[in-house]
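Asker: The structure under discussion is supplied below as structure tokens; questions concerning it will follow.
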Amino acid sequence: MKILITGGGRGIGLELASFYAMRHQVSVTVRDERHANKVASLGARPLFLDLNQQQSINDLAKTLNGEAIDILIHNAGVLHPEGDLDEVDAFNFAHSIQVNALGPLLLTQALLPNLLAGQTRKLVFITSLMGSMSDNGAGSYYSYRASKAALNSVAKTLAVDLASDGVKVGIYHPGWVQTDMGGPRALIDVGTSVAGLTARIDELDETRSGRFLNNDGTPLPW
Ligand SMILES: NC(=O)c1ccc[n+]([C@@H]2O[C@H](COP(=O)([O-])OP(=O)(O)OC[C@H]3O[C@@H](n4cnc5c(N)ncnc54)[C@H](OP(=O)(O)O)[C@@H]3O)[C@@H](O)[C@H]2O)c1
């Protein structure tokens, strides 16, 4: 199978890349040489992508022109840690929306021909429970919560719109994971998170498409 993972130079993306590179043909997006070398050492193909730049999305689509993608995993993400309302900043808010929601939507648009050329047609979004309205009991993190809520909406809409093309959409919370983003106090390590995520991706089919799930398969509230 041919798999593309965004943001695979570190964290959950790197663990996903390492898991799939042992079994499949994997391409991984990065933003610098150092991470490109790390990805190449796994036997995966590094590709450059900055989701904050439309030109970079276009360039990636051009590079992949004509290539099938069986599983497209949108993993890259950014978190600006506003604690309180007075820390909210217009640039950070727009940046979060761009990288976490609009970028994945535009990348999906650009790579749809590749996905339709694939056999399995699985489109996966690594989102966050922090994008859930019902689960929000703690507040704060305005830009991250809003951007992941937007991503959830985008992913659910794609599940509806692309169902007739046989595209199955996975919308997964990876857990609170020990990465640069999750921090050292997080509850699970990347191996545990990725074991769950890859099991979800394996079982993704028409009946499960468009559902918001935890990495262990538990349904989550929107
Ligand atoms: N860790 C958690 O507890 C947790 C919980 C819920 C959801 N998530 C989600 O899981 C995904 C992976 O998170 P993580 O914990 O592995 O985070 P991480 O360690 O901070 O890694 C983030 C990844 O996204 C990439 N990225 C950031 N901005 C980008 C941009 N503009 N264009 C392209 N790539 C970009 C980074 O690339 P660079 O190395 O170039 O910066 C890096 O590869 C994210 O979507 C995150 O929101 C994580």
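First residue of the sequence shown: 58, per our numbering; consecutive thereafter. Every residue gets a Cβ at the ideal spot worked out from N, C-alpha and C, and that includes glycine.
Within the stretch 138 to 187, note down every full alpha helix (DSSP H) run reaching 4 residues or more, in order along the chain.
Answerer: Whole alpha helix (DSSP H) segments, 4+ residues: 147 to 154 and 160 to 173.
Asker: So if DSSP puts P103 in a beta bridge, which residue, or which two residues, is it bridged to?
Answerer: In the DSSP output, where bridge partners are listed per residue, P103 has V85.
Asker: Determine the direct distance from the alpha carbon of G65 to that of H92, and round the result to whole angstroms.
Answerer: If you take the alpha carbons of H92 and G65, they lie about 8 Å apart.
Asker: For L215, which residues from the same chain have a beta carbon less than 6 Å from its beta carbon, with the 5 sequence-adjacent residues on both sides left out?
Answerer: The answer, listed in chain order, is V226.
Asker: Short of 7 Å in beta carbon distance, which residues of its chain neighbour F125, apart from the five on each side in sequence? Order them along the chain.
Answerer: The question names Phe, yet the displayed sequence has Ala at residue 125. Excluding residues within five positions, the ones whose Cβ falls inside 7 Å are K59, N171, A174 and G175.
Asker: Opposite Y229 in the DSSP bridges: which residues?
Answerer: Answer by DSSP bridge pairing, in chain order: I183 and L270.
Asker: Can you tell me where the alpha helix (DSSP H) with L129 in it begins and where it stops?
Answerer: That residue, L129, is in no alpha helix (DSSP H); its beta strand (DSSP E) goes I128 to H131.
Asker: Using only CA atoms, which one of D192, A195, S197 and L208 lies nearest to L163?
Answerer: The shortest Cα separation from L163 among D192, A195, S197 and L208 belongs to L208.
Asker: Just to confirm my understanding: we take S113, look at its own chain, exclude 5 residues before and 5 after, and list those with CB closer than 8 Å. What are they?
Answerer: Around S113: F105, L106 and D107.
Asker: So what's L261 in DSSP terms, helix, strand or just coil?
Answerer: Three-state DSSP puts L261 in coil, outside helix and strand.
Asker: Distance, Cα to Cα, N272 vs G248?
Answerer: C-alpha separation (whole angstroms): 12 Å.
Asker: Should I281 be counted as a contact of ligand 1 given a C-beta to heavy atom distance under 7 Å?
Answerer: What the structure shows of the chain is the stretch from 58 to 279, and residue 281 is not part of that stretch, so it cannot be assessed.
Asker: Measuring only the C-alpha atoms, how far is S221 from P241?
Answerer: One C-alpha to the other measures close to 42 Å.
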